[in-house]
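Here the structure is laid out as structure tokens; the discussion comes afterwards.
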Amino acid sequence: MTSIRHAAPEDLVDVMRLFDGALLDTDADRIRDQLTGDRGCILLAEAAGRPVGAIALIRAAEAVEDVLWPDSSYISAIAVSTTRRGQGIGRSLIEAAAEWAGPQPLSATFDERVRPFYMACGFAIEEREGRLWGIRRVAGVD
């Protein structure tokens, strides 16, 4: 069974290992700030006590350059261990992120290859200037 919790500063190596394993362009200092700051958080998925996925969020997306929806909580990175993909862990991380964001919508930028994942998670997707942007709004909240 998979559980999701807020990552702590001592989880930095595990979180970076997951993001690096997914070939994501992440900065350890920025991830460390998200683990210890109040603008965002990192949620860590674990199975049998081992990290199998992580999602990095920034509250108030205006902190992200060129964001389309400044009222959103921005997903700066999401990764699932290659051996655990296709088991619903990514979707569970998105659900946990939505719970953390509260009434704020979730937003993300991503590559074409992961469009089906974001669509399956309820994101509306649009293309602007060669980039894919997704937003998932909370039902009943504008």
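Here the sequence shown is numbered in the UniProt record's numbering, starting from 1 and rising by one per residue. Quick reminder that beta carbons are idealized off the backbone N, C-alpha and C, glycines included.
Taken through DSSP and simplified to helix, strand or coil, phenylalanine 110 comes out as strand. Isoleucine 125 has its alpha-carbon roughly 26 Å from the corresponding atom of aspartate 27. Rounded to whole angstroms, the separation of the alpha carbons of glycine 37 and tyrosine 74 is 15 Å. Taking the Cα positions, glycine 90 is about 13 Å away from arginine 115. Non-local beta-carbon contacts of alanine 22 in its own chain, meaning distances under 6 Å to residues more than five positions away in sequence, involve Ala79 in chain order.
Its chain contains Ala61, Pro105, Ser107 and Ile135 as the residues whose beta carbon lies nearer than 7 Å to that of tryptophan 69, once the 5 sequence neighbours on both sides are disregarded; these appear in chain order. One Cα belongs to leucine 18, the other to leucine 24, and the distance between them is close to 9 Å. Residue environment for aspartate 11: buried (at least 16 other C-beta atoms within 10 angstroms of its C-beta).
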